[in-house]
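Working notes for the structure below.
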Amino acid sequence: MDDEKKMDSMLSGILNCINEGIVMITEDLMITYWNPFMEKMTGRRSEEVLGARIDHILPELGRPFFHSAIRGLSAGGNPVFFSAAMHRNMVSPEHRVNLKINRIATNGQNILLLEFMDVTNQFQRIKQLQTYVGQLSHLNTQLKQKEKVIEKLAYYDKLTGVANRALFDKFADKYLNEAKKTGTMLGLMFIDVNEFKQINDTYGHNTGDKVMTRVASLLTESTRKNDIVCRYGGDEFLVLLPGIHSLDDYQHIAERIEDNKKRHIVQDGYDLWLSLSIGISFYPDDGNTISELIEKADEYMYYNKQQSREQQNQL
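Residue numbering for the sequence shown follows this note's numbering, beginning at 109 and increasing consecutively.
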């Protein structure tokens with residue numbers, strides 16, 4: 109008997125040192141043991157709770173899920189586990205605990221051992237990680253937005269919003285290589301705004317800038333999705349036309365531009381005459397490099413401009 113008391117005292121000493129809540133109850137839910145860690149989590153001393161029903165001391169355990177688990181375990185079922193993620197406030201609002209329940213046979217009777225494992229710090233760390241991940245996601249979004257701004261500054265004309273020469277060069281080599289591999293044609297249009305200096309001198313650079321932006325929009329609307337409209341110089345534009353299988357493909361684009369290349373527009377209250385001169389060259393007929401195609405298209409554009417001036421002088 110003395111040995112049993114010594115064993116009970118030793119066991120109690122061990123359980124008192126464990127950093128988790130340990131509670132023992134009878135099958136009719138009466139508390140027979142309540143360790144110091146449980147006192148710390150609940151604020152209820154052992155003397156207050158011994159002999160009381162567990163579901164009276166911890167009201168959350170009065171729910172059907174707990175009583176059902178106790179009945180099953182008492183009938184010889186397996187140990188049960190309740191997670192803090194699914195069951196909150198099992199001990200107190202301040203503590204998140206996992207609960208494990210085992211059945212132990214001692215002195216000819218069954219005792220139910222409840223282990224309350226405090227995982228509050230883990231949930232706090234998870235929350236901190238979630239906050240950190242959210243901050244990283246926000247930072248990543250900001251970086252992507254800044255990358256887009258930087259890319260726009262690097263590859264797009266600030267005034268008109270169409271491609272600049274850097275982006276043109278990037279796509280020009282790509283499209284030329286594709287044309288060489290597939291045996292298709294690559295078209296290149298050289299476009300100049302006629303008498304643009306006169307527009308600037310007469311109506312001011314602010315109006316001239318707006319006219320240039322309208323020309324860029326006109327060209328973008330008249331070309332295909334994969335075509336590249338580029339502002340090449342002050343009043344000059346280049347348009348890359350990849351995947352041209354026949355002159356008919358180009359003709360559809362040219363007709364759309366032709367419909368708009370000579371017309372009156374109203375800008376800043378001024379009635380202006382907008383006129384474009386266009387030259388077109390094709391790989392492989394007019395050159396094997398982008399430089400050769402630009403040079404040939406420029407020649408054709410200049411010829412078109414001279415014709416336009418001669419026609420105007422005849423009027």
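Using N, Cα and C, we set each Cβ at its ideal position, and we do this for glycine too. Since this is a predicted model, take the numbers as computed values, not measurements.
Can the beta-carbon of G129 be found less than 9 Å from the beta-carbon of M225? yes
Mapping the DSSP letters down to three states, classify R196 as helix, strand or coil. coil
Kindly list the residues whose CB is nearer than 6 Å to the CB of M109, restricted to its own chain and excluding five residues on each side of it in sequence; keep chain order. Caution applies to M109, whose pLDDT of 46 falls short of 50 and renders its modelled position unreliable; the model cannot decide the point.
With K208 as the anchor, note down where its beta strand (DSSP E) starts and where it stops. 205-214
Residue range of the beta strand (DSSP E) that P350 falls in? 344-352
What residue range is occupied by the uninterrupted beta strand (DSSP E) comprising R339? 336-339
Quick check for students: name the residue ranges of the alpha helix (DSSP H) that lie wholly in the region 264-316, counting only runs of 4 or more. 273-290, 304-311
Quick check on this structure: which residue in R211, A405, A271 has the alpha carbon closest to the alpha carbon of T321? A271
Under a Cβ-count criterion, where at least 16 other Cβ atoms within 10 Å of its own Cβ denotes burial, should G341 be classed as buried or exposed? exposed
Where does G427 fall in DSSP's three states? There is no way to answer for residue 427, as the model of the chain reaches only from 109 to 423.
Could you name the residues that DSSP lists as bridge partners for F224? G129, L207
Nearest by alpha-carbon distance to E286: which of T310, T331, I307, G351 is it? G351
Let me know if M409 comes out buried or exposed under the rule of 16 or more other beta-carbons within 10 Å of its beta-carbon. buried
Please report the distance separating the alpha-carbon of D111 from that of T214. With a pLDDT of 47 at D111, under the threshold of 50, the predicted position of this residue should be treated as unreliable, though the coordinate-derived value follows. When rounded, the distance between both Cα atoms is 15 Å.
Among F145, I307, D163, whose alpha-carbon lies nearest the alpha-carbon of Y378? I307
Taking 8 Å as the threshold, find out whether the region 382-396 comes into contact with the region 293-305 through three or more Cβ pairs. yes
Nearest to G66 by CA position, among P201, T140, P187, is which residue? The question about residue 66 has no answer here: the residues shown for the chain are numbered 109 through 423.
Let me know if M297 comes out buried or exposed under the rule of 16 or more other beta-carbons within 10 Å of its beta-carbon. buried
Mark R371 as exposed unless 16 or more other C-beta atoms lie within 10 angstroms of its C-beta, in which case mark it buried. exposed
Thinking just about the alpha-carbon of each residue, which of I219, Q217, F190 is nearest to the one in N207? This sequence places Leu at residue 207; Asn is not what is there. Selected option, being the one with the closest Cα: F190.
From V199, R204, G185, L275, pick the residue whose C-alpha is nearest to that of I212; which is it? G185
Can you tell me whether L244 is buried or exposed, with buried defined as 16 or more other CB within 10 angstroms of its CB? exposed
Could you tell me whether the Cβ atoms of V131 and L222 are closer together than 9 Å? yes
Within 10 angstroms of the Cβ of T436, are there 16 or more other Cβ atoms? Answer buried if so, exposed if not. Any property of residue 436 remains undetermined from this structure, which presents the chain solely from 109 to 423.
Among D343, V337, C338, S330, which one has its Cα closest to the Cα of V319? D343
Are the beta-carbon atoms belonging to N218 and S182 less than 9 Å from one another? yes
Taking 9 Å as the threshold (C-beta atoms), are G159 and M138 in contact? yes
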